[in-house]
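Under my numbering, the first residue of the sequence shown carries the number 801, and numbering increases by one thereafter.
Just so you know, even glycine gets a beta-carbon here, dropped at the ideal spot from N, CA and C.
In what follows, a structure is listed as structure tokens, so that the remarks can point back to it.
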Amino acid sequence: MSATTQAPSPSSSTQVPALFVSHGAPLFAIDAGITGPALTQWGQGLRAQFPGLRGVVIMSPHWMARSPQVMTGPQPATWHDFGGFPQALYQLQYPAPGSPALAQEVLGLLQAAGVAAQGDAARPFDHGAWVPLMHLFPDADLPVVQVALPVGAGPAEVFALGAALRGLRNQGVLVVGSGSMTHNLSEFFGGAREPAPYVLEFSRWIEDALARGDMQALLNYRSQAPHATRAHPTEDHFLPLFFALGAAGDDLRPQYLSREVMYSMLSMDAFALQPTTAPAAAAH
């Protein structure tokens, strides 16, 4: 296990940063490593910086739909959408409210961008949403609206979904892409092991492209990033990054909250995407 973190310092801008989090295995809910506390600290800083924060819009790969869907229910249930884990995990609840009003804003913005999105009033929170949110906002007091990952969408299409919601960041809304920086579960062996070299090479290539603002390289990561296919045999857990990038826009700078690697192959990279004019965070 290894990690490098920076002190969380949300932007002094009036725009709420966009955020990418790696939600890891479901055990991340109770085995937080150093990433969980880093998310909690950053969330506290965000609430202090933006006391009027009014909600979260989040995309997780664990809700995939054939057409764009938006959670519209007022009190989504906590869905334990996994099996074979310790019983304690199934007792956890994340009772954050939904927000039908914010959901209608999201639907309106997507539809205005030409996306034929529809509401789903019965959708619960899947673990790709509630597990990282337990660390980010443990009081579960912020309204949360989840957006489905459309089946068959690629990086450009998911980027466009995030871009359609960019204006929400000026209105006190945190837009989150929840996925995984690397996600080859066929290599999961458990236990504390040294990070696999390919995991570090892929993750740091992405970090370098983000630092350069090289959106074309990121959109074409599949052919340009080292070990892209090994890091992501399927794209679903990487695509939420582009939701966050779309919401962030072109003028961004990544502020890393964690570079932890769990179980040798699961990169837990998490970073805020802030305007380049935001003050730099000091490293630990």
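Query, Result
"Arg-1012, buried or exposed, once every other Cβ within 10 Å from all chains shown has been counted against 16", "exposed"
"Spatial neighbours of Thr-804 in its chain, beta-carbon cut-off 6 Å, leaving aside the 5 residues before and after", "For Thr-804, the pLDDT reaches just 44, beneath the cut-off of 50, and the residue's location in the model is therefore unreliable, although a value from the coordinates is still provided. Contacts found: Arg-1059."
"Residues that Ser-1067 bridges to, as DSSP identifies them", "Val-1061"
"For His-1168, the nearest candidate out of Phe-1002, Ser-860 and Ala-1048 (CA to CA)", "Beyond the ends of the chain as shown, which are 801 and 1084, falls residue 1168; an answer cannot be given."
"Classification of Tyr-1098 by the beta-carbon crowding that lies within 10 angstroms, buried from 16 upward", "No answer is possible for residue 1098: it lies beyond the span of the chain, which begins at 801 and ends at 1084."
"N-terminal and C-terminal residue of the alpha helix (DSSP H) that Phe-1002 is part of", "997–1012"
"Whole-angstrom distance between Ser-860 and Asp-926, CA atom to CA atom", "8 Å"
"Secondary structure of Val-816, DSSP reduced to three states", "coil"
"Whether Ala-956 touches Val-915 by CB criterion (8 Å)", "no"
"Whether Met-981 touches Asp-1050 by CB criterion (8 Å)", "no"
"Limits of the beta strand (DSSP E) - the one that Trp-1102 falls within", "The structure shown has nothing for residue 1102, since the chain only spans 801 to 1084."
"Cβ separation of Leu-1019 and Gly-979, assumed to be a contact under 8 Å, to the nearest whole Å", "That pair is no contact at about 15 Å."
"Cβ pair Ala-922, Leu-907 closer than 8 Å", "no"
"Spatial distance of Leu-910 from Leu-827 (CA atoms)", "33 Å"
"Identified DSSP bridge partners for Ala-1072", "Leu-819 and Gln-1055"
"Spatially closest choice to Ala-953 from Ser-867, Ala-825 and Pro-837, by CA coordinates", "Ser-867"
"At least 3 beta-carbon pairs within less than 8 Å: the segment 970–979 vs the segment 880–898", "no"
"Integer-rounded CB distance, given that Gly-898 should sit under 8 Å from Gln-869", "Actually they do not touch by this definition, with Cβ atoms about 13 Å apart."
"Val-816 and Arg-969 closer than 8 Å at C-beta", "yes"
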